[in-house]
Every structure is written in structure tokens, then in C-alpha cells.
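Working notes, structure below.
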Amino acid sequence: MSYRAVYLGIAGAIVLAIGLYLMSMTVYLDDFDRYGMQIPCGTAFSEHLVQAEAAGAEYVDKCGSALMTRRLWTMPVVAVGALALIAVLLRAATSSAHESLIPKRDSH
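Residues in the sequence shown are numbered consecutively from 1, following the UniProt record's numbering.
Set out below in C-alpha cells:
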């Protein structure tokens, strides 16, 4: 396996980790509730619309839109990182199956 594949695997793992981290960050609206707190909507993994429902129905729709926007740009990042990592792992598994672990000695 070449160094390029190793670097691609490392880059894929980093992109995957960054994408999953960004998906786990809380999405907030730019609006504030009656107590002056910014309205949270949840993460890209799960919605948490309790505070948005208390603030009004229009905030629930805004939260849905904000969460969809977060999912639309983070899911492709996660997919690209995962595909790169899987491709490198498959390449490593198939190339190591064809290579011998014990070097052949040339006997004269």
C-alpha cells in the first residue's frame, strides 16, 4: 500500500470526525424567546423543539428549516469522509492478502 493511500485514509478519518462533530453541535435560531434566551433547535441527529414550541409555531418551522440546512451540508461531508476511509481500508485488506508476510529468499 502506498503512502498516498495512507494519507487518504488519515484525511478521510479527519473529515469524517469533523463532519460528525459538526452534526453533534446544537443548532440555534437567531431569534430570542421572551426570557432573552436564544432558541435551540437540537442537533442534526435529533430535534429538540420544546423551547421553539413555547415561543410560537413560526419558530418550530424555522427550527425545522435550520436543522434541514445543517443536515444538508454536514451529511455529504460525513459521507465523503466515510467513503474515503472505507476505500482505503478495502484497498489495504485486498493488497495485504496478495502480499506475503515472509520475504522470499533467492537461493543460488
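Heads up, the beta-carbon is just placed ideally off N, CA and C, and yes, glycines get one too.
Please read all numbers here as calculations on a predicted model, not as lab measurements.
Per DSSP, what kind of secondary structure is D30 in: helix, strand or coil?
strand
From which residue to which residue does the beta strand (DSSP E) around G42 run?
38-42
Per DSSP, the bridge partner or partners of E47:
G42
If you drop the 5 nearest sequence neighbours on each side, which residues of the same chain put their C-beta closer than 6 angstroms to that of Y3?
none
Which value, in whole angstroms, describes the spacing of the CA atoms of D33 and L83?
41 angstroms
Measuring CA to CA, which of I39, L22, S65 is closest to A54?
I39
If we ignore side chains and look at the alpha-carbon of each, how far apart do K62 and T74 end up?
18 angstroms
Can you grab the Cα-Cα spacing for the pair residue 185 / F45, in whole Å?
Because the chain is modelled from 1 through 108, residue 185 falls outside the range shown and cannot be assessed.
Whose C-alpha, out of D31, M25, A87, L67, is nearest the C-alpha of A11?
A87
Rounded to the nearest angstrom, how far is the Cβ of V78 from that of L20, given a contact under 8 angstroms?
6 angstroms
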